[in-house]
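*Asks:* Residue numbers (full-length UniProt numbering), protein chains in the order written: chain H, 1 to 330; chain P, 1 to 330.
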DNA sequence: TTGTAAGCGTTATCAT
DNA sequence: ATGATAACGCTTACAA
């Protein structure tokens, strides 16, 4: 349907080289010829076929981004930032969504590679040696966001471990005697990449060890509300706080509490992770950790482009700052 | 970096035609030759360059989707469905995000067209004759979701107008004597495509006219909370309900009410539109209109593919069913 | 000022 | 069973 350089050339009775020269303002073209060419190009709304151009140049100037379902909405929020940042450097951003299936993720990554994306950004749910080899076999620059796959692939993240440690410190400083870490992803630990959550758990464990009197527990079920109920029932005398490895879990706990006539932070403390943007609609305001989406996104893009541009690139693990948001639920 | 058919051919000392035959299991190849070829292909992890293949075939088997910022999160929710549906029919889905700028939207659409997407799905924020001509000049199948651009371009939507009418009916049936339509997008009506909201407004106006005793008003400011405050103050004697052209506006009103010690539906009624998925975290449960995301997404894809496949296609306006969700705020 | 020719990686047709 | 050739649309070097 679209007109090509060859067709313009034919219509104008010149060679396609001449047409190109007129179109791209390169080299010299007879004034009258140029005008004729430009007129035809305009009339038929000529646009260069980027597939052909890319094939020729060996460059697509496109990045691929694999993103997940809105469950982990915090990643969706980065898309705009990634897009803008890539555009600044002249790259087009192609996003694909992966509905939380391990196979789909691989399939989509392969699809992006087959379409000659020059680099891929991903917050992977796959993990392990096999996946690592799969990624490396693509021979394409890749940057992971949050979830690490291996040392051989650059990962950009905030320091989740120290964030969890500081969170526990905050909880203790507020006088809580018992702290429970809620981390449903632990249930799929064997299969899926939950690196981010594991780092948080590690921080939790490490920090808790510093406080001998502090009672602590970890809930790692998908169906965590019953456990929360138990915890609250069995120890009314101790002031208890829940540290949730994700705001949405905290919101579920909050809703459950409200339905059962409990109030926060009077009856129990609550803290989340991620600072997802729907929090603004929720009250009380959830105390949480802001994971610096913007910084992570910008860094990830710039690191990816660095990798694309340089011959010799060494993979890195990059940690950015987070921010504890001490609001109303502790 | 990636190996090509030509390189395999050279390595194996055969022509690329033979390599192709072995790789694609088409035609006959000597057993020993085939094995040699397959071995090399595997060793170097051969993958066909889809740019080249598409150029040759004249088909990319890819769809483009232009989506907006998470503000209008309900569209983000469709992405998965679109993706799955397209995949079923053998298409790859490329998503680009547009941070609510009119120019970016055009730029991105053009980018998708230049990359030879076979069809484009979009819920446009641009409008008007010039934009229509821009879209038509692309000579690519396009389907709009929600916001209509013109008769010449297929639009898939729910019948927002009758949904708004029914909403008013519901409000009246609950005994409200005054109903206020909150529609901030009206503030950008001149510049942006807010077709969906205009349809809702139209339904509101039409339905209100049926009830002579019903008092009604429309708030069309971006900064609507002050107006809400006024409305509530000036008419305490009349039972008032707010119908919001979008759940997020309703949530803001709800939050404001909670901060001012008012309770729903005792002090005022509240109803939204869209049934965005964060509602599950909010209490009281917002009464709203479910806009059948899944149906719209599936229909849009299938209509787009129909358009791609058929020589003669007539643009349509397709209306799907919605559902009034009568919950706790009226 | 203009044109020819080769190439990007794949595929399809026709020949050997 | 294998190969040569042209084509997709664009670009670049090298003539004329």
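All C-beta atoms, glycine included, are put in the ideal place defined by N, C-alpha and C.
If you measure from the beta carbon of residue 178(H) to each beta carbon in chain P, is any gap under 9 Å?
*Replies:* By one-based count along the first chain, residue 178(H) stands at place 178. Taking Cβ atoms only, chain P never reaches closer than 9 Å to residue 178(H), which makes this a no.
*Asks:* Give me, in chain order, the residues of the same chain whose beta-carbon lies closer than 6 Å to that of residue 200(H); leave out the 5 immediate sequence neighbours on both sides.
*Replies:* Along the first chain, read from residue 1 onward, the residue named residue 200(H) stands at position 200. Same-chain partners within the cutoff: 160, 164, 245.
*Asks:* Does DSSP put residue 41(H) in a helix, in a strand, or in coil?
*Replies:* To locate residue 41(H), count along the first chain from 1; it is residue 41. Three-state DSSP puts residue 41(H) in a helix.
*Asks:* Okay, do the stretch 111-124 of chain P and the stretch 56-64 of chain P touch, 3+ Cβ pairs below 8 Å being the bar?
*Replies:* The stretch 111-124 of chain P is in contact with the stretch 56-64 of chain P.
*Asks:* Output the distance between the C-alpha atoms of residue 80(H) and residue 13(P), rounded to the nearest integer angstrom.
*Replies:* Here residue 80(H) refers to the residue found at position 80 of the first chain. Here residue 13(P) refers to the residue found at position 13 of the second chain. Near 49 Å, if we compare the C-alpha coordinates of residue 13(P) and residue 80(H).
*Asks:* Just mark residue 275(H) as buried or exposed, buried being the case when its beta carbon has 16 or more other beta carbons within 10 Å.
*Replies:* Position 275 of the first chain, counted from the first residue, corresponds to residue 275(H). Buried: at least 16 other Cβ atoms inside 10 Å.
*Asks:* Any Cβ of chain P within less than 9 Å of the Cβ of residue 274(H)?
*Replies:* Stepping through the first chain from its first residue, residue 274(H) is reached at position 274. For residue 274(H), the answer is no, since every Cβ of chain P falls outside 9 Å of its Cβ.
*Asks:* Applying a beta-carbon distance threshold of less than 7 Å, which residues of chain H neighbour residue 283(P)?
*Replies:* Residue numbering aside, residue 283(P) sits at position 283 when the second chain is read from its first letter. By Cβ distance, chain H contributes 255, 258.
*Asks:* Less than 9 Å between the beta carbons of residue 153(P) and residue 170(P), yes or no?
*Replies:* Position 153 of the second chain holds residue 153(P). Position 170 of the second chain holds residue 170(P). Contact: no.
*Asks:* So, under 8 Å CB-CB, residue 150(H) and residue 45(P) are touching, yes? Tell me the CB distance rounded to an integer number of Å.
*Replies:* Position 150 of the first chain, counted from the first residue, corresponds to residue 150(H). Position 45 of the second chain, counted from the first residue, corresponds to residue 45(P). In fact, because the Cβ distance is near 18 Å, the residues do not count as touching under 8 Å.
*Asks:* Mind checking which residues open and close the beta strand (DSSP E) that includes residue 183(H)?
*Replies:* Taking the first chain and counting its residues from 1, the one referred to as residue 183(H) is at position 183. It is not in any beta strand (DSSP E) - residue 183(H) carries neither H nor E in the DSSP assignment.
*Asks:* Kindly provide the ranges of any alpha helix (DSSP H) runs that are 4 or more residues long and lie completely inside the stretch 221-285 of chain H, ordered along the chain.
*Replies:* Qualifying alpha helix (DSSP H) stretches, in chain order: 225-234, 247-259.
*Asks:* Grouping DSSP H, G and I as helix and E and B as strand, with all else coil, what is residue 119(P)?
*Replies:* Here residue 119(P) is taken as the residue at index 119 of the second chain, counted from 1. In the structure shown, residue 119(P) sits in a strand (DSSP, three-state: E or B).
*Asks:* Would you say residue 93(P) lies against chain H (beta-carbon separation less than 9 Å)?
*Replies:* What you label residue 93(P) is simply residue 93 of the second chain in a count that begins at 1. Judged by the 9 Å Cβ criterion, residue 93(P) is in contact with chain H.
*Asks:* Measuring only between beta-carbons, confirm whether residue 84(H) sits less than 9 Å from chain P.
*Replies:* Reading the first chain from its first residue, position 84 is the one you call residue 84(H). Closer than 9 Å to some Cβ of chain P, the Cβ of residue 84(H) qualifies, so yes.
*Asks:* Which residues bound the alpha helix (DSSP H) around residue 152(P)?
*Replies:* Looking up residue 152(P) in the second chain gives position 152. Segment: none, residue 152(P) is in no alpha helix (DSSP H) and carries neither H nor E.
*Asks:* Among 30(P), 26(P), 28(P), 49(P), which residue has its Cα nearest to the Cα of residue 5(P)?
*Replies:* Taking the first residue of the second chain as 1, we reach residue 5(P) at position 5. Nearest C-alpha to residue 5(P): 49(P).
*Asks:* Verify the CB distance criterion: does residue 324(H) have a CB-CB separation below 9 Å to chain P?
*Replies:* As a first step, residue 324(H) must be located in the first chain, where it is residue number 324. Closer than 9 Å: no.
*Asks:* Strictly under 9 Å for the Cβ-Cβ distance: is residue 288(H) near chain P by that measure?
*Replies:* What you label residue 288(H) is simply residue 288 of the first chain in a count that begins at 1. Not closer than 9 Å to any Cβ of chain P, the Cβ of residue 288(H) fails to qualify, so no.
*Asks:* For a contact meaning CB atoms closer than 9 Å, what does residue 2(P) contact in chain H?
*Replies:* Locating residue 2(P) in the second chain gives position 2, counting from the first residue. Chain H residues near residue 2(P): 113, 116, 138, 139, 140.
*Asks:* So, under 8 Å CB-CB, residue 106(H) and residue 126(H) are touching, yes? Tell me the CB distance rounded to an integer number of Å.
*Replies:* Working through the first chain from its first residue, we reach residue 106(H) at position 106. Working through the first chain from its first residue, we reach residue 126(H) at position 126. With 8 Å as the limit, residue 106(H) and residue 126(H) qualify as a contact, their Cβ atoms being about 6 Å apart.
*Asks:* Would you call the stretch 318-328 of chain P in contact with the stretch 283-296 of chain P, where contact means no fewer than 3 C-beta pairs closer than 8 Å?
*Replies:* These segments touch.
*Asks:* Report the three-state DSSP secondary structure of residue 10(H) (helix, strand or coil).
*Replies:* The count along the first chain starts at 1 and reaches residue 10(H) at position 10. Note: residue 10(H) maps to helix in three-state DSSP.
*Asks:* Starting from the beta carbon of residue 6(H), find every residue of chain P whose beta carbon is closer than 7 Å, and list them in chain order.
*Replies:* Here residue 6(H) is taken as the residue at index 6 of the first chain, counted from 1. Within 7 Å Cβ-Cβ: nothing; residue 6(H) doesn't reach chain P, min ~13 Å.
*Asks:* With a threshold of 9 Å between beta carbons, is residue 60(P) in contact with chain H?
*Replies:* Numbered from 1 along the second chain, position 60 holds the residue referred to as residue 60(P). Chain H, which has a Cβ nearer than 9 Å to the Cβ of residue 60(P), makes this yes.
*Asks:* Who pairs with residue 215(H) in a beta bridge, going by DSSP?
*Replies:* If you number the first chain from 1, residue 215(H) lands on position 215. Residue 215(H) pairs with 178(H).
*Asks:* Look up residue 296(H) in the DSSP assignment and say whether it is helix, strand or coil.
*Replies:* Your numbering for residue 296(H) matches position 296 in the first chain. If DSSP states are grouped into helix, strand and coil, residue 296(H) belongs with the helices.
*Asks:* Could you work out which residues of chain P lie near residue 149(H), taking near to mean beta carbons separated by less than 8 Å?
*Replies:* For this step, residue 149(H) is matched to residue 149 along the first chain. What residue 149(H) touches in chain P: nothing, since even the nearest Cβ is about 18 Å away.
*Asks:* What does residue 223(P) reach in chain H if we use C-beta pairs closer than 8 Å?
*Replies:* To locate residue 223(P), count along the second chain from 1; it is residue 223. Within chain H, no residue comes near residue 223(P); the closest Cβ sits about 16 Å away, beyond 8 Å.
*Asks:* Run through DSSP, which three-state label would residue 52(P) get?
*Replies:* Locating residue 52(P) in the second chain gives position 52, counting from the first residue. Residue state, collapsed to three classes: helix.
*Asks:* What residues of chain H sit near residue 48(P), judged by a beta carbon separation below 9 Å?
*Replies:* To locate residue 48(P), count along the second chain from 1; it is residue 48. Ordered by position in chain H, the residues that pass the 9 Å Cβ test against residue 48(P) are 114.
*Asks:* Counting only the same chain and skipping the five closest in sequence on each side, list residues whose C-beta sits under 6 Å from that of residue 91(H).
*Replies:* Here residue 91(H) refers to the residue found at position 91 of the first chain. Around residue 91(H): 61, 63.
*Asks:* Output yes or no for whether 9 Å exceeds the beta carbon distance between residue 268(H) and residue 242(H).
*Replies:* By one-based count along the first chain, residue 268(H) stands at place 268. By one-based count along the first chain, residue 242(H) stands at place 242. Cβ atoms of residue 268(H) and residue 242(H): closer than 9 Å.
*Asks:* Note down the Cα distance separating residue 182(P) from residue 131(P), rounded to an integer number of angstroms.
*Replies:* Translated into positions along the second chain, residue 182(P) becomes position 182. Translated into positions along the second chain, residue 131(P) becomes position 131. If I take the Cα positions, the gap works out to 28 Å.
*Asks:* Alpha carbon to alpha carbon, how far is residue 27(H) from residue 58(H)?
*Replies:* Mapped onto the first chain, residue 27(H) falls at position 27. Mapped onto the first chain, residue 58(H) falls at position 58. Near 23 Å, if we compare the C-alpha coordinates of residue 58(H) and residue 27(H).
*Asks:* Distance check for residue 280(H) and residue 192(H), CA to CA, integer angstroms please.
*Replies:* Against the first chain, residue 192(H) aligns to sequence position 192. Against the first chain, residue 280(H) aligns to sequence position 280. Taking the straight line joining both Cα atoms gives about 30 Å.
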